[in-house]
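Below: one structure, written as structure tokens.
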Ligand SMILES: Nc1ncnc2c1ncn2[C@@H]1O[C@H](COP(=O)(O)OP(=O)(O)OP(=O)(O)O)[C@@H](O)[C@H]1O
Ligand SMILES: [Mg+2]
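Chains as they are written, first to last, in this note's numbering: chain R, 160 to 451; chain F, 17 to 295.
Quick look at the structure:
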């Protein structure tokens, strides 16, 4: 009944529209290419920001030098010193600092001071931004770990494994640990309400986790209930995985369960990576707190 | 062709109505000035057109698309200069401009853009070491680096010295001559008067007048004031026909001293427009 008669001239009345998104198909390659461009840029920015280096990059190094120098006793009946336990566990701190702590603060600041806003106004694919963050965090983390291992080996009797097995463990613990902490850092960046509050808001949970997860205090000195509590979070598992790599099977008795539980390490870290990614997708804001 | 078409645009923040039913039509190639006092709703309007803010209601069409739903490639054709400059991290002017150029599919030449905004000498400087006006020029550079079809400039000359402001005006005229559509907000009447082909005055979220700088607010036909000094002192008459008044005066008294004919300046008109809204 309501069928319309098509008039022959109807096409002329419609104003011409601009070309549709003819670049859409080339998007993935473009995102990756720009992501690599941004990786370089982000890394350069990181190393130029002196506060960042001091606060994010050096914290594990400083803690390692201080803590491993103070506590040097040997565990009874074992060929393992507290220094060595620190040197292994603080790799977890280093990874969390350059990812969670670094991104949680820097993205919050970027958002509040207008950097993100500037980017969203450009045709840069949003994924390129995240590739840049992840890429630069990876580079910074590799440098961070090289420094920590160098100090550990040179001054605190840390032994690098000679077999391939522990190194494979190292790679997956590193990748999963870094991935989960990176996702959580990006997600956490939405919590601070301003650039000024960012450092405080992000650092508090960071420091608390260091203590309860047995990074700043040897896990052997922590009460079980605290270790059980920290088992919910990824840091404990990250440190545990690193201890398995650098302290060897013999020292597994120092763990809560007498075992490094690598299966659970993988499971918890992977779960946090996926959960963190979902959290990022749900909560990431390009706009500052004042914009609705 | 219409570059921007807005109908019944509304936006409120909690209880504050920032934009209260605005209609706009900006033709392609036009330089359009949005003039209004603090808090009038300029930034809100512009940021909605840029796709940065969400609107409560109204129709918005920018370069043929709804900015709230436009795809990534739409931003290739848009340039944005924000009202407040971003605090950019430890990068140099050349690095930032060079990087932004890569985000666009058809960028302008970064070196040329740096010349245009006169930052060539500062190319190697970190952004935090720039002066306020130099930062503003960097903002402008980032707005035009993508060679946009439509450029949004939210109070672009804030912080520029008079000389830089004059050269900025030249830059805008150059862009307009190349066919770039420009939407400019400003408090500076003189600036808008010389740059914009059309002006809308916005107050309290409403457009209170629209027209060319010459006709805005009935300025072309507004009452003129003819003044001269006669033997018995200053004479002032207000008239709709100033030329005739002067001719009559000449016929009657010959040359007179201190003769002036003035029309209300744009500033007078503008102040009246936004003042009239107070009542
Ligand atoms: N994020 C926000 N939250 C709450 N109110 C806002 C917000 N942004 C703007 N407003 C209010 O909306 C109104 C219009 O603001 P807008 O920034 O659009 O004005 P403007 O014309 O750009 O002013 P100015 O010339 O000072 O830049 C003002 O009353 C302002 O207080
Ligand atoms: Mg404004």
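Ideal placement from N, C-alpha and C gives every residue a C-beta, glycine not left out.
In chain R, which residues lie with their C-beta within 7 Å of the C-beta of residue 116/F? Those are 281, listed as they occur along chain R.
Which complete beta strand (DSSP E) runs does the segment 104–131 of chain F hold, if anything under 3 residues is left out? none
Assign residue 297/R to one of three DSSP states: helix, strand, or coil. Helix.
Between residue 339/R and residue 393/R, is the Cβ-Cβ spacing less than 7 Å? yes
Neighbourhood of residue 220/R by C-beta distance below 7 Å, restricted to the same chain and skipping five residues each side: 306, 307, 310
Nearer than 6 Å: is that true of the beta carbon of residue 260/R relative to any heavy atom of ligand 2? Residue 260/R Cβ: outside cutoff for every heavy atom of ligand 2.
Once DSSP output is grouped into helix, strand and coil, what is the label at residue 27/F? Residue 27/F sits in a strand when the DSSP states are folded into three classes.
Given a cut-off of 7 Å on the beta-carbon distance, is the pair residue 242/F and residue 277/F in contact? yes
Ligand 2 heavy atom lying under 6 Å from the CB of residue 222/F: no
Chain R contacts made by the segment 52–63 of chain F, where a contact means CB separation under 9 Å: 63
Give me the Cα-Cα distance between residue 297/F and residue 163/F, rounded to the nearest whole angstrom. Any answer about residue 297/F is impossible in this case: the structure gives chain F only from 17 up to 295.
Is residue 148/F closer than 7 Å to residue 47/F when the C-beta atoms are compared? Not a contact, by the Cβ cut-off of 7 Å.
Pick out the complete beta strand (DSSP E) segments inside the segment 127–211 of chain F, 3 residues or longer, and give them in chain order. 166–170, 197–202
Any chance the segment 287–299 of chain R sits against the segment 374–381 of chain R, with 3 or more Cβ pairs inside 8 Å? Result no; under three Cβ-Cβ pairs closer than 8 Å.
Are the Cβ atoms of residue 22/F and residue 76/F separated by less than 7 Å? yes
What are the start and end residues of the alpha helix (DSSP H) that includes residue 260/F? 258–269
Measuring alpha carbon to alpha carbon, tell me which of 17/F, 289/F, 72/F ends up nearest residue 29/F. Comparing alpha carbon positions, the residue from 17/F, 289/F, 72/F closest to residue 29/F is 72/F.
Using the Cα positions of residue 270/R and residue 445/R, report the straight-line distance between them to the nearest angstrom. When rounded, the distance between both Cα atoms is 7 Å.
Nearest by alpha-carbon distance to residue 412/R: which of 449/R, 197/R, 239/R, 229/R is it? In terms of Cα proximity to residue 412/R, the closest of 449/R, 197/R, 239/R, 229/R is 239/R.
When you compare only the Cα positions, how much space is there between residue 324/R and residue 447/R? 46 Å
Under 7 Å between the Cβ atoms of residue 259/R and residue 344/R? yes
For the 8 Å Cβ check, are there 3 or more pairs between the segment 57–70 of chain F and the segment 106–116 of chain F? no
Min CB distance residue 208/R to chain F below 7 Å: yes
Name the chain R residues whose beta carbon is nearer than 7 Å to that of residue 1/F? No information on residue 1/F is available, as it lies outside the stretch 17 to 295 that chain F covers here.
Identify which residue in 288/F, 186/F, 168/F has its Cα closest to the Cα of residue 59/F. Minimum Cα distance to residue 59/F is reached at 168/F.
At the 7 Å Cβ level, is residue 36/F part of the contact set with chain R, yes or no? no
Quiz: which residues have CB nearer than 7 Å to ligand 2 non-hydrogen atoms: 58/F, 59/F, 99/F, 170/F, 171/F, 201/F
Quick one: grab the DSSP three-state call for residue 429/R. Judged by DSSP in its simplified three-state form, residue 429/R adopts helix.
Using a threshold of 6 Å, is the CB atom of residue 449/R nearer than that to any non-hydrogen atom of ligand 1? yes
Starting from residue 321/R, follow its DSSP beta bridges and name the residues at the other end. Answer is none; residue 321/R lacks a bridge partner.
Count the other CB atoms within 10 Å of the CB of residue 188/R; is the residue buried (16 or more) or exposed (fewer)? Exposed.
Tell me whether residue 92/F is buried or exposed, calling it buried when 16 or more other Cβ atoms sit within 10 Å of its Cβ. buried
Residue 388/R lies in the beta strand (DSSP E); which residues open and close that run? Segment 383–389 is the alpha helix (DSSP H) holding residue 388/R; no beta strand (DSSP E) there.
Heavy atom of ligand 3 less than 6 Å from the Cβ of residue 68/F, yes or no? Ligands in the displayed structure: ligand 1 and ligand 2; ligand 3 is not one of them.
Under 7 Å, Cβ to Cβ, is there at least one residue of chain F near residue 173/R? Interpretation of residue 173/R is limited by its pLDDT of 31, a score under 50 that renders its predicted location unreliable; the figure taken from the coordinates is listed afterwards. Answer no: the Cβ-Cβ gap between residue 173/R and chain F never drops below 7 Å.
Listed from N- to C-terminal order along the chain, which residues in the segment 125–137 of chain F have their beta-carbon within a distance smaller than 8 Å of any beta-carbon of chain R? none
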